[in-house]
Structure formats: structure tokens, C-alpha cells
Amino acid sequence: DFWNKYIMKGHKNIIDIHKKIIDIGEFAFIGYGICNGPELLRYRHYGRFPKKKHEKSQKALKKLLAEYNTLFKKAKKPVIFISHNVPYKILDLIKDKKSVMHGYHYGSLLARRMVMKHKPLLCIGGHMHENYGKKVLGKTTVINSGFGADVNTLVEIKNNKLRIRFIK
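With our numbering as the guide, the letters of the sequence shown map in order to residues 5 to 172.
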């Protein structure tokens with residue numbers, strides 16, 4: 005909460021949707037902002053973690069899953085799920101050969117579970133910058149919007165049909 009207030013201070017045109025459902029027009033937006041990799045430590049293949057840390061990460065994910073299941077169930081309109089990170093194993097492979105994590109997937113377990121269970125119309129993430137593009141997971145189109153001036157994504161939605169253009 006501190007960072008959200010700090011970042012958003014003085015910006016009246018920004019809406020914080022982290023852990024919230026916000027109806028805008030004909031869509032419900034659900035946001036998941038704090039995720040830089042798989043929520044369970046056993047999926048983060050660097051180093052070893054004490055058992056207590058593993059248990060703590062499991063409890064935290066279980067709590068988050070319950071919160072997000074509740075949010076998705078409240079949605080009365082087609083959902084656009086905005087997640088800092090993309091779903092696990094979708095547009096999340098670490099490609100940098102110099103990285104100790106090269107070849108590992110580093111997406112969000114929560115995002116994957118929400119997409120598979122609740123089937124939002126669209127899921128947009130971007131933490132894994134090198135995997136700019138789109139894929140389908142179940143019935144949901146997933147976009148990794150990338151990062152920087154060279155990667156721009158335009159999404160048009162009409163009658164729940166998506167038109168996605170990547171502009172470089």
C-alpha cells in the first residue's frame with residue numbers, strides 16, 4: 005500500500021486495481037500487481053530455502069488464491085485480468101544465456117490458476133520483457149506487453165472479440 009500511494013501521489017488519472025475489481029465500460033478489470041516470479045519458492049530454482057520459508061510461501065499463495073477467486077466470482081462483466089507478471093509457462097521463459105536462470109520459466113502461478121479457472125477474456129502482463137507477444141491459455145488470450153519504446157500493443161475489443169496489434 006505504501007508504494008502504491010507513493011507512486012500514485014498527484015496522479016488523478018491513475019486507478020489502483022491491485023487486489024480490486026473495477027468496472028470500466030463493458031468490462032471488469034482485476035489487478036494483480038505484486039509478483040516478480042513464481043509465488044512458491046520451489047519454482048525459483050536459485051539456491052535452497054529453509055522449510056519454514058517454503059511453508060510461508062505456500063500459506064501466502066493459498067491466501068492470495070482465495071482472495072482472487074472471490075474477486076473473479078464477483079465479476080458481472082467480461083474480465084480483463086491485469087497482472088504484473090504473465091501466467092507461469094506462458095511467455096515467461098528466461099532466454100538470456102548469461103543468466104543463472106536461463107531456460108527456466110518465471111511467470112506467476114496465481115495468474116495461471118486464475119486464467120485456467122475463471123477464463124478471463126484477456127490477461128495482460130509484462131514482467132518478462134524478453135517474451136513480448138501473445139498466446140492462448142485455455143480460452144484466454146494472454147499478452148506479454150514487453151517493455152520500452154520499441155514494443156507497443158494495441159488491443160481493440162468489439163463484441164468480446166479481440167483484435168491485437170503489435171506496433172514496433
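In this text, a Cβ means the ideal position worked out from N, Cα and C, and glycines have one as well.
Backbone CA spacing between G111 and L44 [nearest angstrom]: 11 Å
Run of the alpha helix (DSSP H) containing Y72, from where it starts to where it stops:
Y72: member of the alpha helix (DSSP H) spanning 55-78, first to last residue.
Beta-carbon proximity list for N89, same chain, < 6 Å, skipping 5 on both sides:
C39, G111, S112, G129, H131
Looking only at C-alpha atoms, which of G152, G137, M120, R169 sits nearest to L69? M120
First and last residue of the alpha helix (DSSP H) that includes K139? Taken as a continuous stretch (DSSP letters only), K139 belongs to no alpha helix (DSSP H), being part of the beta strand (DSSP E) at 137-141.
Starting from the Cα of G150, find the closest Cα among T144, G41, V83, H133 and give me that residue. H133
Residues sharing a beta bridge with K165, DSSP = K162
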